[in-house]
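In terms of my numbering, the sequence shown opens at residue 927 and continues consecutively. Even glycine gets a Cβ: it sits at the ideal position worked out from N, Cα and C. Being a predicted model, the structure only gives us computed values, none of them experimental. Report on the following structure.
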Amino acid sequence: MATIYYTGCSLDGFIATPEHSLDWLTSRDIDNDGPMAYPAFRERLGACVMGATTWQWILDHDDDPWGPLPTWVLTHRTFPDAPDSVRFDRDDIPRIHAEMTEAADGKDLWVVGGGELVGQFHDAGLLDEVWIQYAPCTLGGGAPVLPRQVELRLEEVARNRDFACLRHSVVRS
């Protein structure tokens, strides 16, 4: 079991525009059966966690928000009814990680984002891997992929059509 940050990113290091748009990412060509693609990654997962902005983006862009994957949304906001698989909570990262680990039953955990949430998992010593699919564009600003220093070791590199895909392990001190 590993706790993984899996995300798309612009070449200049942003996961979303200042307006929280992902159009620059979702319009790119990718082989869903290719290296490091989302469908195979999703099969590895037993639970995930995300911030309120990510959950709001899913609500705004997905007709069937999320499905059965046990999911924690860390927020102080109130949201409308959600699937039974979604839990709303505050930001006690070690406790939430323990709950996710139990729910995942030996499968991997996904820290969906954003970057600050991922940084909190890193700060608690609970982040194991970072997978980034780099899209061939720059945004000039927006939500940074990780807003703090994190030491990584490159483990794997692949190309999936438009994307340069990198898998890193987190270097622990």
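Does the Cβ of residue 1047 have 16 or more other Cβ atoms within 10 Å, making it buried, or fewer, making it exposed?
Residue 1047 sits at position 121 when you count from the first residue of the sequence shown. Buried.
What number of angstroms, rounded off, separates the C-alpha of residue 982 from the C-alpha of residue 1003?
In the sequence shown, residue 982 corresponds to position 56, counting from 1. In the sequence shown, residue 1003 corresponds to position 77, counting from 1. When rounded, the distance between both Cα atoms is 10 angstroms.
If I measure Cβ to Cβ from residue 1031 and keep anything under 6 angstroms in the same chain, skipping five residues before and after, which residues do I get?
Here residue 1031 refers to the residue found at position 105 of the sequence shown. Result list for residue 1031: 972, in chain order.
When you compare only the Cα positions, how much space is there between residue 1043 and residue 1052?
The residue given as residue 1043 occupies position 117 in the sequence shown. The residue given as residue 1052 occupies position 126 in the sequence shown. Cα to Cα, residue 1043 sits roughly 12 angstroms from residue 1052.
Could you spell out where the alpha helix (DSSP H) holding residue 1049 opens and where it closes?
By one-based count along the sequence shown, residue 1049 stands at place 123. Note, residue 1049: alpha helix (DSSP H), 1041–1049.
Using only alpha-carbon positions, find the residue among 927, 975, 1070 and 991 that is nearest to residue 1008.
Your numbering for residue 1008 matches position 82 in the sequence shown. If we check each option's Cα against that of residue 1008, 991 comes out closest.
So residue 982 is in the alpha helix (DSSP H); what residue range does that whole segment cover?
Counting from 1 along the sequence shown, the entry for residue 982 is found at position 56. Its alpha helix (DSSP H) spans residues 978–987.
Regarding residue 1027 and the ligand PLP, is the C-beta to nearest heavy atom distance less than 6 angstroms?
As far as ligands go, the structure on display features none, and thus does not contain the ligand PLP.
Between residue 936 and residue 1069, is the Cβ-Cβ spacing less than 7 angstroms?
Against the sequence shown, residue 936 aligns to sequence position 10. Against the sequence shown, residue 1069 aligns to sequence position 143. No. Outside cutoff.
Which residue marks the beginning of the alpha helix (DSSP H) containing residue 1101, and which one marks its end?
Limits of the chain in this structure are 927 at one end and 1099 at the other, which puts residue 1101 out of reach.
Determine the direct distance from the alpha carbon of residue 987 to that of residue 1080, and round the result to whole angstroms.
For this step, residue 1080 is matched to residue 154 along the sequence shown. For this step, residue 987 is matched to residue 61 along the sequence shown. Cα-Cα distance, rounded: 32 angstroms.
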